[in-house]
Amino acid sequence: MGIKWIDIIEKIYREIEDIMINCPLCSSSSRCVEELTQSLPMGIRILGECCACVFETVLDSMPTIDRLYTHLDTGDSIAIYALDDIIIEVSQTSVMLVPITLLTSYLDLIDESGYRDTEIIKNWLKNRVER
Numbered sequence: 055m056g057i058k059w060i061d062i063i064e065k066i067y068r069e070i071e072d073i074m075i076n077c078p079l080c081s082s083s084s085r086c087v088e089e090l091t092q093s094l095p096m097g098i099r100i101l102g103e104c105c106a107c108v109f110e111t112v113l114d115s116m117p118t119i120d121r122l123y124t125h126l127d128t129g130d131s132i133a134i135y136a137l138d139d140i141i142i143e144v145s146q147t148s149v150m151l152v153p154i155t156l157l158t159s160y161l162d163l164i165d166e167s168g169y170r171d172t173e174i175i176k177n178w179l180k181n182r183v184e185r
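Residues 55 to 185, numbered by the numbering used here, are exactly what the sequence shown covers, in order.
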């Protein structure tokens with residue numbers, strides 16, 4: 055059994071004070087946490103800079119999570135993390151939460167959004183979900 059959404063949320067709650075040290079864009083420790091629920095998001099959600107920092111800090115500290123680093127055509131860096139039940143895409147300014155049930159919608163979004171290496175990303179995601 056791999057890592058799930060609830061594991062990430064529990065880690066954020068447990069380590070929020072330490073996480074905030076790495077996230078100066080967050081004005082208070084509750085700013086991002088207030089937007090998060092323990093249940094999986096129902097749809098695709100986009101959260102702001104504070105949450106991007108929180109998720110990047112937590113996900114980068116968990117080496118067993120599958121991840122892919124890529125860029126947009128604008129040159130912006132993107133990290134895509136594949137958990138058992140959700141895809142989490144982190145950039146410097148936002149985080150996108152995509153439940154696995156909406157993977158097809160996310161793959162369509164990748165086609166339309168100016169990602170470099172779209173076929174590599176799509177194949178990587180499909181392989182992760184099929185496991």
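We treat Cβ as the ideally placed atom computed from N, Cα and C, and that holds for glycine.
Because the structure is a prediction, the values reported are computed rather than measured.
Query - Continuous alpha helix (DSSP H) assignments of at least 4 residues falling wholly in the segment 60-117 - result: 84-87 and 103-114
Query - Three-state secondary structure assigned by DSSP to Arg182 - result: helix
Query raised in the report: So is Tyr123 buried or exposed if we call it buried at 16+ other beta carbons inside 10 Å?
Result: Taking all protein chains in view, the Cβ of Tyr123 is surrounded by fewer than 16 other Cβ atoms within 10 Å, so the residue is classified as exposed.
Query raised in the report: What do you reckon, are the CB atoms on Glu103 and Thr147 nearer than 7 Å?
Result: Yes; because the gap between Cβ atoms is below 7 Å, this pair is in contact.
Query raised in the report: Can you name the residues that DSSP bridges to Leu161?
Result: In the DSSP assignment, Leu161 is bridged to no other residue.
Report task. Output the residue ranges of the beta strand (DSSP E) runs that lie fully inside the segment 111-151 and measure 3 residues or longer, sorted by chain position. Result -> 120-125, 131-136 and 140-144
Query raised in the report: Near Val149, what residues of its chain come up, given a Cβ to Cβ distance below 6 Å and the 5 sequence neighbours on each side ignored?
Result: Leu101, Cys105, Ala106 and Phe109
Report task. Would you be able to state if there are at least three C-beta pairs under 8 Å between the segment 63-83 and the segment 127-136? Result -> Because the criterion of three Cβ pairs below 8 Å is not met, the segment 127-136 and the segment 63-83 do not touch.
Requested in this report: Determine contact between the segment 161-168 and the segment 114-122, defined as no fewer than three beta-carbon pairs at a distance below 8 Å.
Outcome: no
Query raised in the report: Is it right to say Thr111 is buried, meaning 16 or more other beta carbons lie within 10 angstroms of its own, or is it exposed?
Result: buried
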